[in-house]
Amino acid sequence: MERRLWMLLIGLTILLSGGPAWAQGSLEQRLNSWPDWSLPAPLPRPSNRDDLIYPDWFTGLWQVESVDLDAPDDPPLLHQARFQADRRGRLIGDRSFNAMAIGRALLGEQLLGVEEDPDSANRQVARLKGDLYLETTVTGRRQESTSANTFLADELVLQILHAPGPPRLSRIETLSRYKRCGEDICAEQWQGRYASPGESLRDQAIAQHHYQLRFTPLPESAPSI
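If you're matching positions, the sequence shown starts at 18 in my numbering and goes up one per residue.
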């Protein structure tokens with residue numbers, strides 16, 4: 018259960034998603050420094066209305082296969098993901114749907130539901146059996162399109178696992194690079210986990226993960242989670 022909860026912490030940051038500006042190509046620079054990541058990462062803090070905006074080629078419903086490259090013998094994680102236009106016409110991830118899909122793939126019926134914060138596009142709460150709930154807040158974000166067929170996004174989130182006893186805090190940065198692969202989307206993700214704020218004098222990543230993903234389009238009538 019402990020490992021699955023940790024995987025849920027990771028999974029919820031994968032499809033979720035003011036400071037000094039970075040120059041063009043700064044996310045590639047951040048990637049080149051992997052795995053020697055540390056904080057602060059100069060990611061602008063999003064406002065409550067800001068969300069991660071995806072290219073048009075993400076539109077629709079997808080079957081996602083995710084492989085942990087650090088544990089290649091583990092079976093891939095399979096789930097669905099959906100991207101759709103918001104009221105402002107921007108293409109965004111359906112965070113509740115995507116979080117439920119990942120959570121159910123990892124935890125089954127242990128995940129009771131996912132709630133959106135009506136006042137913020139960047140806060141989400143996942144409720145679990147056993148009087149547990151996981152609060153996720155995006156605290157930094159940047160995105161870049163290096164070409165018509167390549168898209169990069171970097172998000173830093175604060176996650177708080179509320180359980181009997183003191184809450185458990187962690188900060189997770191996920192840098193994703195997406196490329197069109199014919200009708201599919203191929204992706205790689207690099208992730209660093211940091212100690213809770215104030216726990217360490219050096220904000221060096223204490224754990225790293227590297228994933229490979231493939232998005233295969235599904236008809237909108239396909240069964241959901």
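Where a beta carbon is used, it is the ideal one built from N, C-alpha and C, also for glycine.
The C-beta distance from PHE100 to GLY77 rounds to 7 Å, short enough to fall under 8 Å. Judged by DSSP in its simplified three-state form, ILE119 adopts helix. For LEU108, the uninterrupted beta strand (DSSP E) run begins and ends at 108-110, by DSSP.
The three-state secondary structure of ASP91, taken from DSSP, is coil. Of LEU149, SER162 and SER113, the smallest CA-CA separation from ARG185 is found for LEU149. Taking C-beta separations shorter than 6 Å and ignoring five residues to either side along the sequence, the partners of ALA180 in its chain run LEU149, following chain order. Closest in C-alpha terms to HIS96, from the list ILE109, GLU82 and ILE177, comes GLU82. In the DSSP annotation of this structure, GLU45 is not part of any beta strand (DSSP E); the continuous alpha helix (DSSP H) holding it starts and ends at 43-49.
When DSSP states are grouped into helix, strand and coil, SER213 belongs to the coil group. Within the DSSP secondary-structure output, ILE202 pairs in a beta bridge with ARG197 and PHE232. Between the alpha carbons of PHE75 and GLY182 lies a gap of roughly 41 Å. If you draw a 10 Å sphere on the C-beta of ASN65, you find fewer than 16 other C-beta atoms in it, and that means exposed. Under DSSP, no beta-bridge partner is assigned to THR76.
Unbroken beta strand (DSSP E) runs of no fewer than 3 residues, entirely contained in the stretch 145-204, are found at 149-164, 167-179 and 185-198, following chain order.
In this structure, the beta-carbon distance from VAL84 to SER113 does not fall below 9 Å.
A distance of 9 Å or more separates the beta carbons of GLY209 and PRO57. The C-beta distance from ALA138 to ASP201 rounds to 27 Å, too long to fall under 8 Å, and the pair is not in contact.
The continuous stretches of beta strand (DSSP E) do not include GLU126, and DSSP gives it neither H nor E. In the three-state reduction of the DSSP assignment, SER113 falls in the helix class. Using a 10 angstroms sphere on the CB of GLN206, the tally of other CB atoms reaches 16 or more, which defines it as buried.
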